[in-house]
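The block underneath contains the structure these notes are about, expressed in structure tokens.
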Amino acid sequence: MVKSQVQNNIRILRFHHDEMTQEQLAQKVGVTRQTIIAIEGAKYSPSLELAFRIAGVFGVPLEEVFIYTPEDMSV
Amino acid sequence: MPYQLVTIIVTLASHLLVLVYYLIRMAGMLQDGELVESQVFILWAIVIGATIVITIVSIILTTILLSIVRAVKTGTVEEDHFIVDERDKLIDLKGERVSYVAFSFGVFLSMLAFVLDQPPLVMFSLLILAGILGGISGNISKLYYYRRGA
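Just so you know, the protein sequences line up as chains A and B, in that order. Under this note's numbering, think of the first position of the first sequence as 34, with each following residue one higher. Under this note's numbering, think of the first position of the second sequence as 54, with each following residue one higher.
In structure tokens:
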């Protein structure tokens, strides 16, 4: 599986928001649950707009949701 | 199973069905000795028409069936399951690209056959085969991209 260089904290943030389900998050940002699964598993990097929408749902800045790790720094 | 994935599988199945029909008809013609002009062009029309009709009808039926199954499961009528989001569009575009590349390769091969003194009917037969194989490869690549993430 190809892992994206954009990692994220969506799973933790969902946990801290009353165990929000992937389906609920998907409905709030207007995508399918499969897209949330792919983003959470770092298999798909969302568009900037979707990334902002996800951060907006959790009420945190973008950098608290997504972390960019350049290739030469990744393990 | 997500709606997009079901649609791709249904489209792939209809393309495979058309491919089987095409190969059977072509094998029949080749067994008879040669490609007959009128039969090849009728086959063209059938393949193109069948691909369009079978794909549209099967997608409509699948959508209706999926809606019924989901409504029975959840007890509500939800349209959220038919959302096409940015990832779906991206995968669709990537699949189309694979499809066009495969078709272009087929067109090149059919032109090559023409250059190598094959009768024009061979070129036309290869062209339609390239179209079907292009569709199949596009759908297979979409399935792959869905499994990979995007």
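Every residue gets a Cβ at the ideal spot worked out from N, C-alpha and C, and that includes glycine.
Find the nearest neighbour of residue i within the set the options, judged by alpha-carbon distance.
i: A80 (chain B); options: B:G102, B:H68, B:L96 and B:S67; result: B:L96
i: H50 (chain A); options: A:A88, A:G63, A:T102 and A:E104; result: A:A88
i: I117 (chain B); options: B:F135, B:V154 and B:A66; result: B:F135
i: R211 (chain B); options: B:S152, B:S190, B:R150 and B:I144; result: Residue 211 (chain B) lies beyond the range of chain B shown here (54 to 203); nothing can be said about it.
i: N192 (chain B); options: B:D170, B:A155, B:P172 and B:D138; result: B:A155
i: I181 (chain B); options: B:L72, B:Y56, B:M54 and B:K147; result: B:L72
i: V59 (chain B); options: B:S91, B:L114 and B:V89; result: B:L114
i: T108 (chain B); options: B:P172, B:P173, B:I61 and B:A203; result: B:I61
i: R150 (chain B); options: B:L179, B:S190, B:S178 and B:Y56; result: B:S190
i: H68 (chain B); options: B:A203, B:R140, B:G184 and B:S157; result: B:G184
Let me confirm a value: residue i is counted as buried when at least 16 other C-beta atoms fall within 10 Å, else exposed. Which label applies?
i: V168 (chain B); result: exposed
i: V100 (chain B); result: buried
i: V110 (chain B); result: exposed
i: A59 (chain A); result: buried
i: S80 (chain A); result: exposed
i: L65 (chain B); result: buried
i: A124 (chain B); result: exposed
i: F99 (chain A); result: buried
i: G148 (chain B); result: buried
i: I194 (chain B); result: Reading off the sequence shown, one finds Ser at residue 194 (chain B), where the question assumed Ile. The residue is buried, with at least 16 neighbouring Cβ atoms inside 10 Å.
From the DSSP output, which residues share a beta bridge with residue i?
i: Q40 (chain A); result: A:I100
Which whole-angstrom value is the C-beta distance of residue i and residue j, which I expect to be below 8 Å?
i: G159 (chain B); j: G188 (chain B); result: Actually they do not touch by this definition, with Cβ atoms about 11 Å apart.
**Message:** Closer than 9 Å between beta carbons: that is the criterion. Which residues of the region 63 to 91 of chain A meet it against chain B?
**Reply:** G63, V64, T65, R66, Q67, T68, I70, A71, I72, G74, A75, K76, Y77, S78, P79, S80, E82 and L83
**Asked** Can you list, in chain order, the residues of the region 135 to 151 of chain B whose Cβ is nearer than 9 Å to any Cβ on chain A?
**Response** So the close ones are I136, V137, D138, E139, R140, D141 and L143.
**Message:** For the region 190 to 202 of chain B, list every residue whose C-beta sits within 7 Å of some C-beta in chain A, in sequence order.
**Reply:** R201 and G202
**Request:** Check distances from the C-beta atoms of the region 151 to 175 of chain B to those of chain A and list, in chain order, the residues that come in under 8 Å.
**Result:** none
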